[in-house]
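Asks:
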Amino acid sequence: DTGVSQDPRHKITKRGQNVTFRCDPISEHNRLYWYRQTLGQGPEFLTYFQNEAQLEKSRLLSDRFSAERPKGSFSTLEIQRTEQGDSAMYLCASSRDRDEQYFGPGTRLTVT
Amino acid sequence: SQQGEEDPQALSIQEGENATMNCSYKTSINNLQWYRQNSGRGLVHLILIRSNEREKHSGRLRVTLDTSKKSSSLLITASRAADTASYFCATDAGGYSTLTFGKGTMLLVSP
């Protein structure tokens with residue numbers, strides 16, 4: 314399978330814990346995006362990487378969120394001190410330049 | 182904030198009928214993309230239409246774009262039960278081509 318993959322698919326954590334999600338983009342894609350989607354809403358942009366450089370961050374991305382893309386390959390999104398409001402589907406997408414963005418299956422986070 | 186607004190919010194039709202969904206947006210765009218999402222799953226890319234294009238086809242899908250009205254429509258012809266999903270429009274308004282999504286249209290196709 315050469316699509317975008319995300320791991321884990323589901324994560325249940327207690328409030329205050331840290332969580333980390335991984336995204337593996339399509340191999341030849343230089344752009345990688347993270348979005349968050351809550352029930353009944355469309356995805357909202359969180360952050361964007363071009364190769365290994367994080368070039369844009371949404372105001373939604375509080376100080377508790379950090380993302381990396383070492384060597385321009387896979388990416389990780391970490392949430393520290395999780396809150397119940399962080400419960401959502403976290404979606405990763407990749408693209409080649411300004412072409413279509415291809416999304417992974419998402420990681421569903423539940424904070425109890 | 183969400184730039185795209187899909188209309189209607191929900192649409193229920195019979196198999197074989199056509200389904201039309203509309204999307205309005207607020208700012209100038211580089212391109213507009215339509216996605217499908219089955220319940221609780223990731224998004225599947227359907228079609229991308231650039232700002233200098235007016236119409237695009239892909240199989241049973243037809244997308245139009247009217248930049249003067251800042252609107253787009255997605256037509257699914259001869260719908261099937263498998264088309265049941267939420268459909269989102271997303272705009273690339275420049276910069277780093279991050280997408281801004283609407284809230285989506287929930288389409289239900291009954292056999």
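Note that the protein sequences, when read in sequence, are chains A and B.
Using this note's numbering, read the first sequence as starting at 314 and increasing by one per residue.
Using this note's numbering, read the second sequence as starting at 182 and increasing by one per residue.
The beta-carbon is built from N, C-alpha and C at its ideal position, and this holds for glycine as well.
Could you say which of Ala200(B), Glu198(B), Lys207(B) and Leu192(B) lies nearest to Glu186(B) if we only look at CA atoms?
Replies: Of the candidates Ala200(B), Glu198(B), Lys207(B) and Leu192(B), the one whose C-alpha sits nearest the C-alpha of Glu186(B) is Lys207(B).
Asks: The beta strand (DSSP E) spanning Tyr346(A) covers which residue range?
Replies: Note, Tyr346(A): beta strand (DSSP E), Arg344 to Gln350.
Asks: For the pair the segment 274-281 of chain B and the segment 225-245 of chain B, tell me if three or more CB-CB distances fall below 8 Å.
Replies: No, they do not touch.
Asks: When the cut-off is 8 Å and only beta carbons count, does Gly329(A) lie next to chain B?
Replies: Not an interface residue.
Asks: I want to verify the contact list: residues of chain A whose CB lies under 8 Å from the CB of His226(B), in sequence order.
Replies: By Cβ distance, chain A contributes Glu413, Gln414, Tyr415 and Phe416.
Asks: Checking the sheet assignment: what are the DSSP bridge partners for Pro244(B)?
Replies: Per the sequence shown, the amino acid found at residue 244(B) is Val instead of Pro. DSSP, once it has assigned bridges, lists Lys237(B) and Leu255(B) as partnering Val244(B).
Asks: Distance, Cα to Cα, Trp215(B) vs Ala406(A)?
Replies: Roughly 14 Å separates the two Cα atoms.
Asks: Asn364(A) to Thr279(B), Cα distance in whole Å?
Replies: Going from the Cα of Asn364(A) to the Cα of Thr279(B) covers about 15 Å.
Asks: Taking Cβ-Cβ distances shorter than 8 Å, what residues in chain B pair up with Glu369(A)?
Replies: Simply Gly276, Tyr277 and Thr279.
Asks: Would you verify that the beta carbon of Pro356(A) is, or is not, closer than 8 Å to some beta carbon of chain B?
Replies: Cβ-Cβ to chain B under 8 Å: yes for Pro356(A).
Asks: Can you give me the Cβ contacts of Thr258(B) inside the same chain, cut-off strictly under 6 Å, excluding the 5 residues immediately before and after it?
Replies: Around Thr258(B): Asn199 and Arg241.
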